[in-house]
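2 protein chains.
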Amino acid sequence: MGYVTEQLLAALKEARVRKGLSQRALGVRSGVPQSHISKIEAGDVDLRMSSLIALARVLDLELFVAPKKSATAIKSIIDSSNGAYNQDDEPLPAAYNLDGDENDE
Amino acid sequence: MGYVTEQLLAALKEARVRKGLSQRALGVRSGVPQSHISKIEAGDVDLRMSSLIALARVLDLELFVAPKKSATAIKSIIDSSNGAYNQDDEPLPAAYNLDGDENDE
DNA sequence: GTAAAATATATATAAAAGCATATCACTTGA
DNA sequence: TCAAGTGATATGCTTTTATATATATTTTAC
Numbered sequence: 021m022g023y024v025t026e027q028l029l030a031a032l033k034e035a036r037v038r039k040g041l042s043q044r045a046l047g048v049r050s051g052v053p054q055s056h057i058s059k060i061e062a063g064d065v066d067l068r069m070s071s072l073i074a075l076a077r078v079l080d081l082e083l084f085v086a087p088k089k090s091a092t093a094i095k096s097i098i099d100s101s102n103g104a105y106n107q108d109d110e111p112l113p114a115a116y117n118l119d120g121d122e123n124d125e
Numbered sequence: 021m022g023y024v025t026e027q028l029l030a031a032l033k034e035a036r037v038r039k040g041l042s043q044r045a046l047g048v049r050s051g052v053p054q055s056h057i058s059k060i061e062a063g064d065v066d067l068r069m070s071s072l073i074a075l076a077r078v079l080d081l082e083l084f085v086a087p088k089k090s091a092t093a094i095k096s097i098i099d100s101s102n103g104a105y106n107q108d109d110e111p112l113p114a115a116y117n118l119d120g121d122e123n124d125e
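Chains A and B, in that order, are what the protein sequence lines are. Just so we're aligned, residue 21 is where the first sequence starts under the working numbering, counting upward by one. Just so we're aligned, residue 21 is where the second sequence starts under the working numbering, counting upward by one.
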């Protein structure tokens, strides 16, 4: 299923849980049916961009494509943003790098 | 088709062209058939994660999910990385933010 | 133990991915 | 100037699979 994808799914699920949303609640807000979210989180589906974007939006996540060379800088930003706990008291969403250094596909 | 997705597709295509790859060449290297790349770039397909990742890898792009709050910092990194021309003389890949500020889906 | 909430499974349908082939854009040579 | 050849992108059709709806199962709170 690929390392990259696994990281992504973990990020989505963690963000959902952090926000205290059930699959159903997330489903309602995002328009993605709960049953599908279940499959997505279980990793038995290769989800489409539109699904990913719909979920990310509700979870206050954004998607980026960036040159590999800027990867470490970006990671460090994400890490610091995720550091322990953040400025404004809201539960912080997870963020992970979806790198391809490992094997995928 | 959604602003987010359009940005992404533009980034993919620009990166391919910058690298001087034909759809076929990219197809061979990524494992995604040329016919499908054609459809993807034309925007008449809602591609799956695995396809996106396969293409991005060949194009020296990486995929990130990050909290919205770190978006501007990340964008600035990407921008500077893309500034005019880059350090090592290789043609620089494009990078875009896939933000959700606009409407999508 | 039961009700309610949350997640998972079954089945049907729509759409992406794959393969073959067609079309288009340029050359170049007769 | 136009036919043939070549490289590139697009289109048609089939297969595979994500997605949607409905329902079942599992988990949690009382």
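Each residue gets a CB set at the ideal place from its N, CA and C atoms; glycine is no exception.
Asked	Found
Terminal residues of the beta strand (DSSP E) in which residue 65(A) lies	Where residue 65(A) is concerned, there is no enclosing beta strand (DSSP E), given that its DSSP letter is neither H nor E.
Residue range of the alpha helix (DSSP H) that includes residue 37(A)	23-38
Alpha carbon of residue 67(A) to alpha carbon of residue 100(A), nearest angstrom	29 Å
Segment contact flag, the segment 38-55 of chain B with the segment 48-58 of chain A, C-beta cutoff 8 Å, min 3 pairs	no
Counterpart residues of residue 128(B) in DSSP-defined beta bridges	Missing from the structure shown is residue 128(B); chain B here goes from 21 to 125 and no further.
Chain B within 8 Å of residue 24(A), Cβ atoms only	yes
Distance, residue 36(A) Cα to residue 42(A) Cα	7 Å
Interface residues of the segment 60-80 of chain A facing chain B [CB-CB below 7 Å]	66, 67, 68, 69, 70, 72, 73, 74, 76, 77, 80
Coil, strand or helix - residue 85(A) by DSSP	strand
Between the CA atoms of residue 32(B) and residue 86(B) - distance to the nearest angstrom	20 Å
Other residues of its chain near residue 83(B): CB distance less than 8 Å, five sequence neighbours each side excluded	72, 73, 76
Residue 46(A), DSSP secondary structure in three states	helix
Any non-hydrogen atom of the ligand MG within 7 Å of residue 91(A) CB	The ligand content of the structure shown is nil, which means the ligand MG is not present either.
Rounded straight-line distance, which links the Cα of residue 52(A) to that of residue 64(A)	16 Å
Minimum Cβ-Cβ distance from residue 34(B) to chain A less than 8 Å	no
Buried or exposed by the 16-neighbour rule on C-beta atoms within 10 Å, applied to residue 91(A)	buried
Contact list for residue 57(A) against chain B, beta-carbon separation under 8 Å	Going along chain B, no residue has its Cβ under 8 Å from residue 57(A), so there is no contact; the nearest lies around 15 Å.
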